[in-house]
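**Q**
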Ligand code: SF4
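Residue numbers (full-length UniProt numbering): 1 to 744.
So this is what it looks like as structure tokens:
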């Protein structure tokens with residue numbers, strides 16, 4: 001046993017809490033507090049503390065599995081498993097063409113894996129059909145952020161700014177359960193005299209802490225934001241100078257908001273006009289304020305416009321691109337931010353470049369050593385890809401995702417997966433999706449591998465290997481290397497994550513998410529670097545590429561145009577009187593960019609864009625047959641599809657299964673008592689779970705957490721209606737009927 005403590009990060013959510021690992025007898029690790037990491041300052045939730053339990057041989061896969069003639073999954077050697085995958089992919093491609101091959105990635109994959117997976121799909125398989133489960137996570141916020149600001153980075157400022165602002169509106173976010181250590185930022189905000197407004201149809205643990213809790217009908221927070229903007233205009237609270245100087249498109253957005261009278265908004269949302277007025281007063285009173293969204297407004301078929309409405313509110317009041325102010329998205333998955341930047345998304349190339357941009361294609365193709373014209377175009381979005389399985393897409397490789405539990409209309413998706421000619425899954429555990437596979441590859445986990453992630457603040461972090469993986473387990477990068485070689489591509493898929501990261505740096509250079517100034521040594525030293533972080537120019541004094549941001553000042557404020565570059569540190573400062581050589585100034589490493597947009601937005605003209613939006617009904621509204629609204633979400637003791645956390649005894653004891661949360665009035669109407677089995681039925685299927693009765697939910701709404709498979713699977717019910725811009729499904733609202741299951 002080594003007596004070493006290794007600093008690293010939690011394998012689960014986007015907070016990426018710092019923790020220390022100490023190898024212990026039996027090949028596992030002990031988790032201890034790492035108080036010096038600024039994001040969580042040592043605090044961990046139960047998921048992080050118990051993460052080592054998934055490393056145990058009994059909890060995880062330790063041998064490849066292949067489907068035998070009798071239909072059973074049986075252990076096999078790595079060569080046999082990889083040969084079988086490569087052979088089936090070749091056969092599908094020969095028979096149906098490259099686009100009959102699908103790849104489905106995950107927001108938990110490290111940056112290196114996400115990068116290599118996108119390259120593998122486009123260079124080795126030649127398919128356009130790659131997307132990932134992050135599409136289900138925050139794609140609406142990403143689309144709205146890009147539309148308004150020219151660039152999406154979940155939070156354009158560090159979390160440490162939250163307690164320093166005057167008011168935060170948390171929209172459809174419940175950090176008390178999804179990322180508990182982050183709650184201190186909101187309690188500190190209130191301790192400092194700031195106010196917290198929570199918008200959520202449920203009185204969540206986070207809403208309990210709020211100064212004001214607004215509980216709109218699910219699917220109506222777009223109207224809520226418009227109603228607030230209407231009042232901002234009517235009460236003369238628009239920051240006219242800011243709007244004039246830093247934005248475009250205000251008149252159209254203003255007209256759209258003025259069409260949403262507060263009384264009309266009250267009828268749509270159920271939030272009263274006095275509550276709306278109070279929210280506007282609290283938001284506009286302080287000098288600085290923020291709006292933070294999460295899955296509530298984002299997982300809707302109008303998610304992009306809903307987030308856009310909240311961004312418009314920020315812009316009209318001068319609360320974006322200013323110190324301690326702004327709009328941000330609290331991304332969910334462990335590498336939800338980095339996972340969307342490096343090319344596993346259907347429409348993007350590494351560096352957050354658009355796949356349809358000829359210059360981006362040329363740049364990435366050059367790094368990859370291929371002809372730009374050989375790169376496929378954009379493919380189907382995640383749900384559309386899953387819906388095409390067995391028809392247009394005949395064989396699928398899944399890496400780090402469990403769509404049988406996490407996809408909308410999950411029974412249908414499960415059927416599509418079963419109809420495939422061939423399915424291969426790389427995972428840590430035998431997930432519900434892996435159970436359907438023809439070949440399952442057991443892969444290494446967080447504590448057994450090195451790699452980078454990018455947390456919800458855009459802070460690039462280094463996860464370190466602490467222990468040796470068990471025999472029989474290989475890394476995802478080794479899988480891609482092995483498959484690429486078998487499919488005739490011998491080079492370009494190294495198994496060393498640092499080597500992959502070095503290539504990723506080059507591929508991202510000059511792009512919106514520029515990592516070229518970041519390397520492993522720096523990450524180890526600095527405990528995280530915020531992108532964009534361009535590499536210094538070459539020693540010959542070649543100026544930075546166009547679009548490369550100048551290094552910000554110490555407080556993160558970027559220099560204004562025309563401001564001389566700050567002096568280099570002591571070792572490189574030129575002697576007085578010596579004219580500075582450009583190279584002297586420019587070879588200092590870029591410090592990273594904790595705060596974006598303080599001087600200009602990332603649009604062509606530097607202005608943020610208002611986009612006029614209007615309320616529209618959800619894709620499915622209640623009717624006589626399905627009179628109740630269903631919304632879905634998370635509980636503190638489980639993570640996403642639960643594939644890992646359902647294998648941890650302590651977490652299962654805390655959250656043993658699904659439930660249906662409902663209001664006492666609805667329960668009385670149904671004749672339901674606490675714990676009664678309730679059947680929740682939508683147009684897509686039926687789920688059964690015990691009743692949990694609480695006044696902390698709207699009487700017209702039921703809530704189910706989505707972490708479980710089987711008869712309590714919430715996603716059996718959810719609606720795959722897609723947002724037209726982001727292609728996000730409408731997880732957060734659909735129409736259901738609820739019945740007590742008698743005699744169960
Ligand atoms: Fe891990 Fe998230 Fe819990 Fe932190 S809050 S310990 S990152 S699951």
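Built from N, CA and C at the ideal position, the CB exists for glycine as well.
A quick note: this is a predicted structure, and the numbers were derived from the prediction, not measured.
#1: Flag this pair as yes or no: are the beta carbons of residue 448 and residue 465 separated by less than 8 Å?
#2: What would DSSP say about residue 85, mapped onto helix, strand or coil?
#3: Am I right that residue 484 and residue 620 are in contact with their C-beta atoms under 8 Å? What's the rounded C-beta distance?
#4: What span of residues does the beta strand (DSSP E) with residue 290 cover, start to end?
#5: Which residue marks the beginning of the alpha helix (DSSP H) containing residue 364, and which one marks its end?
#6: In chain order, which beta strand (DSSP E) runs of at least 3 residues are fully inside the stretch 618–649?
#7: Measure how close the beta-carbons of residue 691 and residue 710 come, nearest whole angstrom, since I'm counting them as under 8 Å.
#8: Does residue 419 come out as helix, strand or coil in the three-state DSSP assignment?
#9: Measure the alpha-carbon distance for residue 240 versus residue 316 and round it to whole angstroms.
#10: Return the chain-ordered list of same chain residues with a C-beta closer than 8 Å to the C-beta of residue 522, the five sequence neighbours on each side being excluded.
#11: Does DSSP put residue 400 in a helix, in a strand, or in coil?
#12: Please state the DSSP three-state secondary structure of residue 709.
#13: Is the beta carbon of residue 134 less than 8 Å from the beta carbon of residue 329?
#14: How would you call residue 399, buried or exposed, if buried means at least 16 neighbouring beta carbons within 10 angstroms?
#15: Which partner residues of residue 687 appear in the DSSP bridge assignment?
#16: Report all residues from its chain with a CB closer than 7 Å to the CB of residue 543; omit the five preceding and five following residues, and keep chain order.
#17: Report buried or exposed for residue 297, applying the criterion of at least 16 other Cβ atoms within 10 angstroms of its Cβ.
#18: State buried or exposed for residue 258, treating a residue as buried only when at least 16 other CB atoms are found within 10 Å of its CB.
#19: Can you tell me the Cα-Cα spacing of residue 362 and residue 373, whole angstroms?
#20: Cβ of residue 45 versus every heavy atom of the ligand SF4: is any distance shorter than 7 Å?
#21: State the CB to CB distance for the pair residue 162 and residue 290, rounded to an integer number of angstroms; the pair is presumed to be in contact (CB under 8 Å).
#22: Output yes or no for whether 8 Å exceeds the beta carbon distance between residue 181 and residue 43.
#23: Report the three-state DSSP secondary structure of residue 343 (helix, strand or coil).
#24: What would DSSP say about residue 582, mapped onto helix, strand or coil?
#25: Where does residue 283 sit, in a helix, a strand or coil, going by DSSP?
#26: I believe residue 608 touches residue 246 by the beta-carbon criterion, under 8 Å. Please report the beta-carbon distance rounded to the nearest angstrom.
#27: Can you tell me which of 47, 321, 243 puts its alpha carbon nearest to the alpha carbon of residue 178?
#28: Rounded to whole angstroms, what is the Cα-Cα separation between residue 119 and residue 343?
#29: Check each candidate in 507, 470, 494 and name the one with the smallest Cα separation from residue 57.
#30: Write down the C-beta distance between residue 18 and residue 31 rounded to the nearest angstrom, noting that I regard them as a contact closer than 8 Å.
#31: As an exercise, report each continuous beta strand (DSSP E) stretch of at least 3 residues that is fully enclosed by the stretch 418–465, in chain order.
#32: Mind checking whether residue 129 and residue 393 have CB atoms under 8 Å apart?
#33: For the beta strand (DSSP E) containing residue 258, name the first residue and the last one.
#34: Between residue 185 and residue 254, what straight-line distance do the alpha-carbon atoms span, to the nearest angstrom?
#35: Where does residue 16 sit, in a helix, a strand or coil, going by DSSP?
#36: Among the residues of its own chain, which have a CB less than 6 Å from the CB of residue 294, if the five just before and after it don't count?
**A** Put simply:
#1: The residue labelled residue 448 in the question sits at position 448 within the chain shown. The residue labelled residue 465 in the question sits at position 465 within the chain shown. In this structure, residue 465 lies closer than 8 Å to residue 448 by Cβ.
#2: Stepping through the chain shown from its first residue, residue 85 is reached at position 85. In this structure, residue 85 counts as helix in the three-state DSSP scheme.
#3: Start at 1 with the first residue of the chain shown, and residue 484 comes out as number 484. Start at 1 with the first residue of the chain shown, and residue 620 comes out as number 620. In fact, because the Cβ distance is near 43 Å, the residues do not count as touching under 8 Å.
#4: Taking the chain shown and counting its residues from 1, the one referred to as residue 290 is at position 290. Element bounds for residue 290: 290–293.
#5: As a first step, residue 364 is located in the chain shown; it is residue number 364 there, counting from the start. Segment 358–368, the alpha helix (DSSP H) holding residue 364.
#6: Complete beta strand (DSSP E) runs here, min 3: 628–633.
#7: Along the chain shown, one-based indexing puts residue 691 at 691. Along the chain shown, one-based indexing puts residue 710 at 710. Incorrect: roughly 18 Å between the Cβ atoms, too far for contact.
#8: Here residue 419 refers to the residue found at position 419 when the chain shown is read from its first residue. Correct three-state label for residue 419: coil.
#9: Stepping through the chain shown from its first residue, residue 240 is reached at position 240. Stepping through the chain shown from its first residue, residue 316 is reached at position 316. Counting only the Cα atoms, residue 316 lies some 8 Å from residue 240.
#10: Here residue 522 corresponds to residue number 522 of the chain shown, with the count starting at 1. Here the set comprises 529, 589.
#11: Residue numbering aside, residue 400 sits at position 400 when the chain shown is read from its first letter. In the structure shown, residue 400 sits in coil (DSSP, three-state: anything other than H, G, I, E or B).
#12: Counted from its first residue, the chain shown places residue 709 at position 709. DSSP, reduced to helix, strand and coil, places residue 709 outside both helices and strands of the structure shown, so it counts as coil.
#13: Position 134 of the chain shown, counted from the first residue, corresponds to residue 134. Position 329 of the chain shown, counted from the first residue, corresponds to residue 329. No; because the gap between Cβ atoms is not below 8 Å, this pair is not in contact.
#14: For the purposes of this step, residue 399 is taken as residue 399 along the chain shown, with counting starting at 1. Per the 10 Å Cβ criterion, buried.
#15: Here residue 687 refers to the residue found at position 687 when the chain shown is read from its first residue. For residue 687, which the question treats as bridged, DSSP gives the partners 680.
#16: Numbered from 1 along the chain shown, position 543 holds the residue referred to as residue 543. The pLDDT assigned to residue 543 is 39, lower than 50, so where the model puts this residue is not dependable; a value taken from the coordinates is nonetheless given after this. Answer for residue 543: 537, listed in chain order.
#17: Indexing the chain shown from 1 puts residue 297 at position 297. Answer is buried; the Cβ neighbour count reaches 16.
#18: Within the chain shown, the letter at position 258 stands for residue 258. Answer is exposed; the Cβ neighbour count stays below 16.
#19: Within the chain shown, numbered from 1, the residue matching residue 362 stands at position 362. Within the chain shown, numbered from 1, the residue matching residue 373 stands at position 373. Going by the C-alpha atoms only, they are around 9 Å apart.
#20: Within the chain shown, the letter at position 45 stands for residue 45. Answer for residue 45: yes, Cβ within range of the ligand SF4.
#21: If you number the chain shown from 1, residue 162 lands on position 162. If you number the chain shown from 1, residue 290 lands on position 290. Indeed they touch by this definition, with Cβ atoms about 7 Å apart.
#22: Indexing the chain shown from 1 puts residue 181 at position 181. Indexing the chain shown from 1 puts residue 43 at position 43. Closer than 8 Å, so yes.
#23: Here residue 343 corresponds to residue number 343 of the chain shown, with the count starting at 1. Residue 343 falls in the coil class under three-state DSSP.
#24: Numbered from 1 along the chain shown, position 582 holds the residue referred to as residue 582. Note that residue 582 scores 38 on pLDDT, short of 50, meaning its location in the model is unreliable; the coordinates nonetheless yield the value given after this. Reduced to three states, the DSSP call for residue 582 is helix.
#25: Position 283 of the chain shown, counting from 1, holds the residue named residue 283. Three-state DSSP puts residue 283 in a helix.
#26: Residue 608 sits at position 608 when you count from the first residue of the chain shown. Residue 246 sits at position 246 when you count from the first residue of the chain shown. Contact holds; Cβ gap of about 6 Å.
#27: On the chain shown, position 178 is the one that residue 178 refers to. Cα-wise, what sits closest to residue 178 is 47.
#28: Residue numbering aside, residue 119 sits at position 119 when the chain shown is read from its first letter. Residue numbering aside, residue 343 sits at position 343 when the chain shown is read from its first letter. So the alpha carbons of these two residues sit roughly 7 Å apart.
#29: The residue labelled residue 57 in the question sits at position 57 within the chain shown. It is 470 whose Cα lies nearest to the Cα of residue 57.
#30: One-based indexing of the chain shown puts residue 18 at position 18. One-based indexing of the chain shown puts residue 31 at position 31. Not confirmed; about 11 Å, so no contact.
#31: 422–427, 439–442, 451–454, 459–463
#32: Mapped onto the chain shown, residue 129 falls at position 129. Mapped onto the chain shown, residue 393 falls at position 393. Contact: yes.
#33: Here residue 258 is taken as the residue at index 258 of the chain shown, counted from 1. Run containing residue 258: none in the beta strand (DSSP E); it sits in the alpha helix (DSSP H), 250–258.
#34: Within the chain shown, numbered from 1, the residue matching residue 185 stands at position 185. Within the chain shown, numbered from 1, the residue matching residue 254 stands at position 254. Rounded to whole angstroms, residue 185 to residue 254 spans 32 Å at the Cα level.
#35: Counting from one through the chain shown, the residue named residue 16 turns up at place 16. It is coil, neither helix nor strand.
#36: Mapped onto the chain shown, residue 294 falls at position 294. Contacts found: 172, 173, 330.
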